[in-house]
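Asker: Here it is: the structure, laid out below.
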Amino acid sequence: MTSVYVDLSKLHIPVHSFSERKVNFAVLKKKNMLSFEQARDIAEKHLDIPRNSGDKYDIIIIEKYIIERPYAWIFPYNTKGAIEGDILYALGGNSPVFVDRHDGTISRFPSYLSMEGMIDVYEEQRKSWHLKLTINIYSEISKLLTLKRLLNLSQNELAVLKAKEEAVLDKGAQTRLKQLSGILSQHGINTEVLLAD
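Okay, structure coming up:
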């Protein structure tokens, strides 16, 4: 049997339905996190949004498309004229503003990416999700070798994981880690994808 290694970190896995990615974050109340109002204020200052000028060229946040994630708010925007339906006022090449819930950092991404693509890039950069073993497999040689092959680990990297009995195998985008979790599961290695602390 021939094995082929696929570098999953380089793979972009499209999300078929944005609603599949929705999570109820109402229970997520961590200390020292920005409120929605604080994050919105940061986005408005970044976009240099004027207060109530009424001009069709004014940039405004599109309320109905604001996205809440456990780690950031995503604020799409356009001109007032475009939002009111006049395409002549539309901004070309704009992409939403991501405001980190922990520190207020602004992130922007190329407009050629889909929203799901931008979220994946953000999560990879911020290591927003963790792929964690649900049981200790470090005494099972066959599973260790499978893990080494599937994660493309060097002998030293595997030795470090084993020595520490590390539960977190990888960090990054939820989409990629869920796919990797599925592949590991097919090989008898049970994992879960959890939001980073």
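For the sequence shown, the positions run 2 to 198 when our numbering is used. Where is the CB? At the ideal position from N, CA and C, for every residue including glycine.
#1: Does the segment 165-176 come within contact of the segment 126-137, defined as at least 3 CB pairs closer than 8 Å?
#2: Work out the CA separation of residue 108 and residue 96 for me, nearest whole Å.
#3: Since residue 201 contacts residue 63 with CB under 8 Å, what's their CB separation in whole angstroms?
#4: According to DSSP, is residue 183 helix, strand or coil?
#5: From 110, 114 and 167, pick the residue whose C-alpha is nearest to that of residue 135; which is it?
#6: Expressed to the nearest angstrom, what Euclidean distance is found between the alpha-carbon atoms of residue 143 and residue 186?
#7: Whose C-alpha, out of 146, 75 and 57, is nearest the C-alpha of residue 117?
#8: What would DSSP say about residue 163, mapped onto helix, strand or coil?
#9: Anyone know if the C-beta pair for residue 48 and residue 60 falls short of 9 Å?
#10: Which partner residues of residue 101 appear in the DSSP bridge assignment?
#11: Would you list the one or two residues that DSSP bridges to residue 1?
#12: At what residues does the alpha helix (DSSP H) containing residue 47 begin and finish?
#13: For the alpha helix (DSSP H) that residue 193 lies in, which residues bound it at each end?
#14: At the level of alpha carbons, what is the spacing between residue 154 and residue 99?
Answerer: Here's the rundown:
#1: With contact defined as three or more Cβ pairs closer than 8 Å, the segment 165-176 and the segment 126-137 are in contact.
#2: If you take the alpha carbons of residue 96 and residue 108, they lie about 10 Å apart.
#3: Since the first and last residues shown for the chain are 2 and 198, residue 201 lies out of range.
#4: Residue 183: helix per DSSP, three-state reduction.
#5: Of the listed residues, the one whose Cα sits closest to residue 135 is 167.
#6: Rounded to the nearest angstrom, the two C-alpha atoms are 14 Å apart.
#7: The shortest Cα separation from residue 117 among 146, 75 and 57 belongs to 75.
#8: Residue 163 carries a helical assignment under DSSP once its states are collapsed to helix, strand and coil.
#9: Less than 9 Å separates the beta-carbon of residue 48 from that of residue 60.
#10: Residue 101 is bridged to 73.
#11: The structure shown has nothing for residue 1, since the chain only spans 2 to 198.
#12: From DSSP, the alpha helix (DSSP H) with residue 47 extends over 37-48.
#13: Taken as a continuous stretch (DSSP letters only), residue 193 belongs to no alpha helix (DSSP H), being part of the beta strand (DSSP E) at 192-196.
#14: Going by the C-alpha atoms only, they are around 33 Å apart.
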